[in-house]
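Peer 1: Residue numbers (the numbering used here), protein chains in the order written: chain A, 2 to 352; chain B, 114 to 407. Every residue gets a Cβ at the ideal spot worked out from N, C-alpha and C, and that includes glycine. I have a structure I would like to understand better, so I am pasting it below and will then ask my questions one at a time.
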Amino acid sequence: MAEVQLVDVEKRYGSFLAVPKQSLTIEEGEFLVLLGPSGCGKTTTMRMIAGLEDITAGDLMIAGERANDKPPKDRDIAMVFQNYGLYPHMTVAENIGYPLKLRGMDRKTREARVQETAEKVELQALLKRRPSELSGGQRQRVALARAIVRTPKIFLMDEPLSNLDAKLRVTMRAELKHLHHELGVTTVYVTHDQMEAMTLASRVAIMREGRIVQLDTPKKIYSEPADLFVAGFIGSPSMNLVEGRITGGRFEAPGVSLPVAGADRGDVVLGIRPEDLQLTDPGAAPISGKLYALELTGDSTLVTLRNGRTSVCTRGPADFEAPIDAPCTLAPKPGARIHLFDKQTGQRLDA
Amino acid sequence: MQDRSLSYLLLVPAFLIVLATTLYPLAYSLVTAFREWDLTKQRRPGDFVGVDNFGYAFSEPGFQNSLWVTSVFVITSVILTLVIAMSLALLLRRKGRMHTFTRVILILPFAISPALIGVSYRFMFNPEFGVIAKGLGAVFPALDGVPWLASPDLAMAILVLTDVWHWAPYMTFMCLGGLASVPRETEEAARIDGASNLRIIFGIVLPQMKGVLLVVAVLKTIFALKMFDQVVTLTGGGPGTSTETLAFFIFNVGFKWYDMGYASALAWILTAIMMLISVWYVRMLLSERKMATA
Ligand SMILES: Nc1ncnc2c1ncn2[C@@H]1O[C@H](COP(=O)(O)OP(=O)(O)O)[C@@H](O)[C@H]1O
Ligand SMILES: [Mg+2]
Numbered sequence: 002m003a004e005v006q007l008v009d010v011e012k013r014y015g016s017f018l019a020v021p022k023q024s025l026t027i028e029e030g031e032f033l034v035l036l037g038p039s040g041c042g043k044t045t046t047m048r049m050i051a052g053l054e055d056i057t058a059g060d061l062m063i064a065g066e067r068a069n070d071k072p073p074k075d076r077d078i079a080m081v082f083q084n085y086g087l088y089p090h091m092t093v094a095e096n097i098g099y100p101l102k103l104r105g106m107d108r109k110t111r112e113a114r115v116q117e118t119a120e121k122v123e124l125q126a127l128l129k130r131r132p133s134e135l136s137g138g139q140r141q142r143v144a145l146a147r148a149i150v151r152t153p154k155i156f157l158m159d160e161p162l163s164n165l166d167a168k169l170r171v172t173m174r175a176e177l178k179h180l181h182h183e184l185g186v187t188t189v190y191v192t193h194d195q196m197e198a199m200t201l202a203s204r205v206a207i208m209r210e211g212r213i214v215q216l217d218t219p220k221k222i223y224s225e226p227a228d229l230f231v232a233g234f235i236g237s238p239s240m241n242l243v244e245g246r247i248t249g250g251r252f253e254a255p256g257v258s259l260p261v262a263g264a265d266r267g268d269v270v271l272g273i274r275p276e277d278l279q280l281t282d283p284g285a286a287p288i289s290g291k292l293y294a295l296e297l298t299g300d301s302t303l304v305t306l307r308n309g310r311t312s313v314c315t316r317g318p319a320d321f322e323a324p325i326d327a328p329c330t331l332a333p334k335p336g337a338r339i340h341l342f343d344k345q346t347g348q349r350l351d352a
Numbered sequence: 114m115q116d117r118s119l120s121y122l123l124l125v126p127a128f129l130i131v132l133a134t135t136l137y138p139l140a141y142s143l144v145t146a147f148r149e150w151d152l153t154k155q156r157r158p159g160d161f162v163g164v165d166n167f168g169y170a171f172s173e174p175g176f177q178n179s180l181w182v183t184s185v186f187v188i189t190s191v192i193l194t195l196v197i198a199m200s201l202a203l204l205l206r207r208k209g210r211m212h213t214f215t216r217v218i219l220i221l222p223f224a225i226s227p228a229l230i231g232v233s234y235r236f237m238f239n240p241e242f243g244v245i246a247k248g249l250g251a252v253f254p255a256l257d258g259v260p261w262l263a264s265p266d267l268a269m270a271i272l273v274l275t276d277v278w279h280w281a282p283y284m285t286f287m288c289l290g291g292l293a294s295v296p297r298e299t300e301e302a303a304r305i306d307g308a309s310n311l312r313i314i315f316g317i318v319l320p321q322m323k324g325v326l327l328v329v330a331v332l333k334t335i336f337a338l339k340m341f342d343q344v345v346t347l348t349g350g351g352p353g354t355s356t357e358t359l360a361f362f363i364f365n366v367g368f369k370w371y372d373m374g375y376a377s378a379l380a381w382i383l384t385a386i387m388m389l390i391s392v393w394y395v396r397m398l399l400s401e402r403k404m405a406t407a
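Structure (structure tokens):
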């Protein structure tokens, strides 16, 4: 277990700036998720921590020691790769035992440790097989077992679940969470899946174009997104964002008139999550428009209404029925959270 | 249906040419291998002598010598080519500024005709004016005036050298292709697991290249077994018979001693050796496949 610190770390590939100068502290025992769209620099950041990529500028500190020039094997890390990186010519047992073998552990102790680790991830029955004889989920487990077999200081995982089908992903997610609880090892986890990030993380670092735009607990990121990018990225269906202006203590946009806290100004984006809205009787409803689409998801129906350039979505009851283009009205639920952002900078406007 | 018969009809000339140029001589040489045929006495193949020609081979020192020479040549040139090709491939793997340039340079030795390679190396190793012989003599005075091609061991070494020089670049490309299919992640995983560079190469990369290395080894073995051109132009089989490879010996038997029956039998022995290697190779490859996809 150890704390990891990135101090003004920067990464360039030739003249291309992949990760601009930034700092980040990953606390001891924490499960930190790097979340962002594809190409935003998550993998690059993780590979710099691993030592697989040179750091162009800045310092990387692991457990208080500068690690920039330490080779990967001296950083006491373990990594799970997106495509697992299993050794195809070795059996499952040999794969799991390889890090121990390289550290000169004798055969007997090694076999006992492999056995023990295999039990943890339920691989006992597959120890003699080769990776090519395993399913995606099983390969995933082998990669995981190889990482935890020698209890390193830090775990690095680069989209470890992205090659699994949706159902398996949910199961493995729970296993990962449990494993982290059990081992308590500092973990850096890369994903582009916000659901994975929210469920797994102690803290989430949301990245965009190489920059960390918000670093906070999942709860805080959900309830107080720092800017429009985060607001739109987190949550499913994503937050409703409506462009308008504030006049006389009310937010006004086509079909929308809501009381808000804030000084009068134009160029404002109002954000409200679908789950903070409800269908309401016509009358003095703050949000009104014509029904644009109904999508049944099973336990509920996604209702989208439009009015001019305003488009707002909410969850209605599963048996909700109405003809398209019918008039439709919404109101915030009691206690609903309303977010305001500057349209130009995208930054959150705090009341 | 008519289209079909027409297409067969159109294939007939090509088929006949193949028949006339390959199958016929092959069959003819097989038949000849069982007959007595001394070109100095008979214009046509003579009597059938059973397996006498084959039997003779195993009691005749010229054949046994050529078998020994060929074995030495094949083993050394295959191992050296493989080691050098694989090492070069590992070095050239990283894409750098010299990337294209080095690859162009590399293909040159393979583009030169083996007979020409023999001639030019013969000049370069000439103790009087050869550039290599003189160069070596200038750097290491002890090597000045060494009669390179007049010593049996050195002549063999130079023969191997020219062959490795000719083939290593081509095999490097094959190895580069194989390397490209080794996932980077396996190496990075090993690096993080704590493996040294050498360990990564021998423990992770090479085992994954088994299939490619097998192809390279078998191809190179077959080409080495047929070694002929440089023997003719570089050493002439000498000094003595020290570099008389099987192919060269067969040529001598047929076209110097004019013993066509014996030469045909020897040619079929060489063919049988190559067939055995091919069969072994296909078996290895199939089991490798099974392992990789099971
Ligand atoms: N080896 C490399 N050479 C040049 N550019 C690279 C290299 N690796 C990554 N990049 C670039 O750096 C950026 C970040 O990549 P990456 O960290 O892989 O993104 P992510 O993992 O978030 O999808 C991308 O624009 C990518 O094209
Ligand atoms: Mg990535």
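Output, in chain order, the set of chain B residues within a Cβ distance shorter than 8 Å of F82(A).
Peer 2: In the first sequence, the residue the question calls residue 82(A) occupies position 81. The answer, in chain order, is E298, E301, A302.
Peer 1: Apart from the five residues on each side of it in sequence, which residues of its chain come closer than 8 Å, Cβ to Cβ, to P72(A)?
Peer 2: Counting from 1 along the first sequence, the entry for residue 72(A) is found at position 71. Only G52 meet the Cβ criterion.
Peer 1: Does the beta-carbon of V131(B) have 16 or more other beta-carbons within 10 angstroms, so that it is buried, or is it exposed?
Peer 2: Numbered from 1 along the second sequence, position 18 holds the residue referred to as residue 131(B). Exposed, because fewer than 16 other Cβ atoms sit within 10 Å of the Cβ of V131(B).
Peer 1: Assuming K291(A) is part of the alpha helix (DSSP H), what are its boundary residues?
Peer 2: Within the first sequence, numbered from 1, the residue matching residue 291(A) stands at position 290. Counting along the chain, K291(A) falls outside any alpha helix (DSSP H), though it belongs to the beta strand (DSSP E) covering 288-297.
Peer 1: Taking Cβ-Cβ distances below 9 Å as the criterion, which residues of the segment 304-322 of chain B are in contact with chain A?
Peer 2: Correct list: R304, I305, D306, G307, A308, S309, R312, G316, I317, P320, Q321.
Peer 1: Output, in chain order, the set of chain E residues within a Cβ distance shorter than 9 Å of K74(A).
Peer 2: The structure shown contains no chain E; its protein chains are A and B.
Peer 1: In whole angstroms, what separates the C-alpha of E322(A) from that of T315(A)?
Peer 2: As a first step, residue 322(A) is located in the first sequence; it is residue number 321 there, counting from the start. As a first step, residue 315(A) is located in the first sequence; it is residue number 314 there, counting from the start. Those two C-alpha atoms are separated by around 14 Å.
Peer 1: Check distances from the C-beta atoms of the segment 189-223 of chain A to those of chain B and list, in chain order, the residues that come in under 8 Å.
Peer 2: From the segment 189-223 of chain A, no residue has a Cβ closer than 8 Å to chain B.
Peer 1: Are G284(A) and L341(A) closer than 7 Å when you measure CB to CB?
Peer 2: The residue given as residue 284(A) occupies position 283 in the first sequence. The residue given as residue 341(A) occupies position 340 in the first sequence. Not closer than 7 Å, so no.
Peer 1: Are the beta-carbon atoms belonging to A327(A) and D300(A) less than 7 Å from one another?
Peer 2: Against the first sequence, residue 327(A) aligns to sequence position 326. Against the first sequence, residue 300(A) aligns to sequence position 299. No; because the gap between Cβ atoms is not below 7 Å, this pair is not in contact.
Peer 1: Going by DSSP in three states, A407(B) sits in which element: helix, strand or coil?
Peer 2: Here the question's residue 407(B) lines up with position 294 in the second sequence. Low local confidence applies: a pLDDT of 42 at A407(B) is under 50, so the model's placement there is unreliable, with the coordinate-based value given in what follows. Note: A407(B) maps to coil in three-state DSSP.
Peer 1: Three-state secondary structure (DSSP) at M106(A)?
Peer 2: Counted from its first residue, the first sequence places residue 106(A) at position 105. If DSSP states are grouped into helix, strand and coil, M106(A) belongs with coil.
Peer 1: With a cut-off of 8 Å, do at least 3 Cβ pairs link the segment 192-207 of chain A to the segment 163-174 of chain A?
Peer 2: The segment 192-207 of chain A vs the segment 163-174 of chain A: in contact.
Peer 1: Taking the Cβ atom as the reference point for each residue, do A378(B) and I363(B) lie within a distance shorter than 7 Å?
Peer 2: To locate residue 378(B), count along the second sequence from 1; it is residue 265. To locate residue 363(B), count along the second sequence from 1; it is residue 250. Contact flag unset, no.
Peer 1: Quick check: V313(A) and I288(A), are their CB atoms within less than 7 Å of each other?
Peer 2: For the purposes of this step, residue 313(A) is identified with residue 312 of the first sequence, where counting begins at 1. For the purposes of this step, residue 288(A) is identified with residue 287 of the first sequence, where counting begins at 1. Closer than 7 Å, so yes.
Peer 1: Classify M240(A) as helix, strand or coil using the three-state DSSP reduction.
Peer 2: Residue 240(A) sits at position 239 when you count from the first residue of the first sequence. Of the three classes helix, strand and coil, the one that applies to M240(A) here is coil, per DSSP.
Peer 1: Check whether the Cβ of T189(B) lies closer than 6 Å to any heavy atom of ligand 2, and answer yes or no.
Peer 2: For the purposes of this step, residue 189(B) is taken as residue 76 along the second sequence, with counting starting at 1. Checking the Cβ of T189(B) against ligand 2 gives no.
Peer 1: Can you determine whether any heavy atom of ligand 1 sits closer than 6 Å to the C-beta of A19(A), and answer yes or no?
Peer 2: For this step, residue 19(A) is matched to residue 18 along the first sequence. Within the cutoff, so yes.
Peer 1: Give me the chain B residues within the contact set of R104(A), using Cβ-Cβ distance strictly less than 8 Å, ordered along the chain.
Peer 2: Position 103 of the first sequence holds residue 104(A). Those are G307, listed as they occur along chain B.
Peer 1: Tell me the rounded alpha-carbon separation between A407(B) and S133(A).
Peer 2: One-based indexing of the second sequence puts residue 407(B) at position 294. One-based indexing of the first sequence puts residue 133(A) at position 132. Residue confidence is low: A407(B) scores 42 on pLDDT, short of 50, so the model does not pin down where it sits. Its coordinate-derived value is still stated next. When rounded, the distance between both Cα atoms is 7 Å.
Peer 1: How many angstroms separate the CA atom of S258(A) from the CA atom of A337(A)?
Peer 2: The residue labelled residue 258(A) in the question sits at position 257 within the first sequence. The residue labelled residue 337(A) in the question sits at position 336 within the first sequence. Going by the C-alpha atoms only, they are around 15 Å apart.
Peer 1: Consult DSSP for L87(A) and reduce its assignment to one of helix, strand or coil.
Peer 2: Counting from one through the first sequence, the residue named residue 87(A) turns up at place 86. In the structure shown, L87(A) sits in coil (DSSP, three-state: anything other than H, G, I, E or B).
Peer 1: Please name the residue or residues paired with S161(B) in a DSSP beta bridge.
Peer 2: Taking the first residue of the second sequence as 1, we reach residue 161(B) at position 48. Per the sequence shown, residue 161(B) should be read as Phe rather than Ser. The partner list for F161(B) (beta bridge, DSSP) reads R148(B).
Peer 1: DSSP three-state call for T187(A): helix, strand or coil?
Peer 2: Taking the first sequence and counting its residues from 1, the one referred to as residue 187(A) is at position 186. Reduced to three states, the DSSP call for T187(A) is strand.
Peer 1: Anyone know if the C-beta pair for G309(A) and P226(A) falls short of 7 Å?
Peer 2: Residue mapping note: residue 309(A) aligns to position 308 of the first sequence, counting from 1. Residue mapping note: residue 226(A) aligns to position 225 of the first sequence, counting from 1. Against a cut-off of 7 Å, the Cβ pair of P226(A) and G309(A) comes out as no contact.
Peer 1: Report buried or exposed for Q115(B), applying the criterion of at least 16 other Cβ atoms within 10 angstroms of its Cβ.
Peer 2: Against the second sequence, residue 115(B) aligns to sequence position 2. Classification for Q115(B): exposed.
Peer 1: My guess is that T302(A) and G317(A) are in contact by the Cβ rule of under 8 Å, so how many angstroms apart are they, rounded?
Peer 2: Taking the first residue of the first sequence as position 1, residue 302(A) is located at position 301. Taking the first residue of the first sequence as position 1, residue 317(A) is located at position 316. Confirmed, Cβ separation roughly 5 Å.
Peer 1: Would you say the beta carbon of T44(A) is closer than 6 Å to some non-hydrogen atom of ligand 2?
Peer 2: Here residue 44(A) corresponds to residue number 43 of the first sequence, with the count starting at 1. Result yes, Cβ under 6 Å from ligand 2.
Peer 1: On the DSSP bridge list, what partners appear for V304(A)?
Peer 2: Position 303 of the first sequence, counting from 1, holds the residue named residue 304(A). Note: V304(A) sits in a beta bridge opposite L295(A), T315(A).
Peer 1: In chain order, which alpha helix (DSSP H) runs of at least 4 residues are fully inside the segment 28-106 of chain A?
Peer 2: Correct list: 43-51, 93-103.
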